[in-house]
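Numbered according to the numbering used here, the sequence shown spans residues 235 to 585. Glycine included, every Cβ here is placed at the ideal spot set by N, Cα and C. Nothing here was measured: the structure is a model prediction, and the numbers come from that model. Data first, discussion second: the structure below is written as structure tokens.
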Amino acid sequence: MSLKIGDKAPEFTLPTDGGGTIALKAQRGKKVVVYFYPKDDTSGCTAEACGFRDAMPDFSKIDATIIGISRDPVRAHDKFKQKYQLPFTLASDEGAEVCEKYGVWVQKSMYGRKYMGIERTTLLIDEKGVIRGLWPKAVYPQRPARPGRPLLLPARDMPKRRAGGSLAGRIALLHALAHIELNAIDLAWDIVARFAAAELPREFCDDWVRVAAEEAEHHALLAERLTAFGAAYGDLPAHDGLWQAAEATAHDLLARLAVVPLVLEARGLDVTHDMIARLSRHGDGESATVLRRIYSDEIGHVGTGLRWFEFSCTRRALPPVETYQALVRRFFRGTLKPPFNDDARTGRCRH
Ligand SMILES: [Fe+2]
Ligand SMILES: [Fe+2]
């Protein structure tokens, strides 16, 4: 966007819901919040509109007019407004001329396809028509914020974990799992931030927010076990392979789902039984119980990944099995080692 705070807001007159028109100039003497959004009744735009709706009492206190602008026709605005009881004006910029004047009509890409679209942007315009606040599209970080420890090492430099049941061995195992869970929290939120705007239904967000909550519980449960052993998350080095998988698949939802839930999390299901058996054998029933809980949630996460993978394949008219195989070959660095826990992978296991 080329506009900046202090600039005069470009004038516009647009048709609105309810068959009216709105002119920015006619709002002089009032504060105006103008927000540009991609499309009526899609998950991100609905959340944003409902956010403005719920904050209406605050906007009323400062006597501000709210105007939402997209390229949807007036009749789509009418439906959207009625469906969510939106108490403000929705204006229709079907030719994108106003979007262009404001610099929010930009090239985007989805599934590798390039197209022009509206960049979600909000502006606050003062009583004289001057821009006083500017909130361009929220940008999410390539890497999430992380605690100062653990030290991250390349996978090949990680100390080998011993299979025995010594206390140090168990701490190392729980620490490695706690690190995986921390990454899993970030991965679930990253999927929402990065891909939810790609016109996916609301349930997509709900599913991954639920996954993020469960991953956070897993991390907390493992951190508690570490504390019980006089250790803490961060005490040992950890490797960064999981986040590298996230970066390698940041461009495409199908690649992300194929590699993260459908290879890496599914791989977790393959190896957890052995870990539970080993912990029980060495008398650590409490850690085994934590792993059982994680195991049963993780079956759900693989199921969630599969559901949205199939959904996206259908939407793009791609055959799921061949697409999965091609994406894994291309984006997963490593080999798939048996044994495979087929029952759990297909959600048939009830432990
Ligand atoms: Fe987990
Ligand atoms: Fe998970």
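Task: Inter-residue spacing [alpha-carbon to alpha-carbon] between H585 and W442 - done: Because the pLDDT of H585 is 38, which lies under 50, any placement of that residue in the model is unreliable, and the number read from its coordinates should be weighed accordingly. About 23 Å.
TODO: Provide the residue(s) that pair with V266 in DSSP beta bridges, ordered along the chain.
DONE: T299, I359
Open item on the list: Please tell me whether V338 and I301 are closer than 9 Å, where the distance is taken between their beta carbons.
Closed with: In this structure, I301 does not lie closer than 9 Å to V338 by Cβ.
Open item on the list: Which of the three DSSP states is assigned to G254 in this structure?
Closed with: coil
Open item on the list: On the CB-based measure, 16 or more other CB atoms within 10 Å of its CB, does I365 come out buried or exposed?
Closed with: buried
Task: Sub-9 Å separation of K259 and R305 beta-carbons - done: no
- [ ] In the DSSP assignment, find the beta strand (DSSP E) that holds A325 and state where it starts and stops.
- [x] Per DSSP, the unbroken beta strand (DSSP E) holding A325 starts and ends at 323-326.
Task: Cβ distance (whole Å) where L487 is taken to contact T506 below 8 Å - done: That belief does not hold up - the Cβ atoms of L487 and T506 are roughly 26 Å apart, past 8 Å.
Open item on the list: With distance defined between alpha-carbon atoms, name the residue in K348, D275, G502, E334 nearest to E245.
Closed with: Comparing Cα-Cα distances from E245 to each of K348, D275, G502, E334, the minimum goes to E334.
TODO: For W369, collect the residues of the same chain with a Cβ closer than 6 Å to its Cβ; drop the 5 residues on either side in sequence, then sort them by chain order.
DONE: T356
Open item on the list: Taking the alpha-carbon of E361 as reference, which of L552, P393, A298, F543 has the nearest alpha-carbon?
Closed with: A298
- [ ] Using only the heavy atoms of ligand 1, determine whether one of them is closer than 8 Å to the beta carbon of H452.
- [x] yes
- [ ] Flag this pair as yes or no: are the beta carbons of G351 and R515 separated by less than 9 Å?
- [x] no
Open item on the list: Whole angstroms are fine: how far does the CA of A457 sit from the CA of C583?
Closed with: Below a pLDDT of 50, predicted positions are generally treated as unreliable, and C583, at 44, falls in that range; the measurement from the model is reported next regardless. For C583 and A457, the distance between alpha carbons rounds to 27 Å.
Open item on the list: Assuming the contact rule is C-beta atoms closer than 8 Å, A446 and W423 should be a hit. Round their C-beta distance to whole Å, please.
Closed with: 5 Å
Open item on the list: Using a Cβ distance threshold of 8 Å, determine whether the stretch 247-258 contacts the stretch 322-331, with at least three qualifying pairs required.
Closed with: yes
- [ ] Can you tell me the Cβ-Cβ gap for P393 and A472, rounded? I've got them flagged as a contact below 8 Å.
- [x] 11 Å between Cβ atoms; not a contact.
Task: Buried or exposed (CB count within 10 angstroms, at least 16 for buried), K315 - done: buried
Open item on the list: I'd like the list of long-range same chain contacts for R567, defined as Cβ closer than 6 Å, with 5 residues on each side in sequence excluded.
Closed with: none
Open item on the list: Is the separation between the beta-carbon of H452 and that of I405 shorter than 9 Å?
Closed with: no
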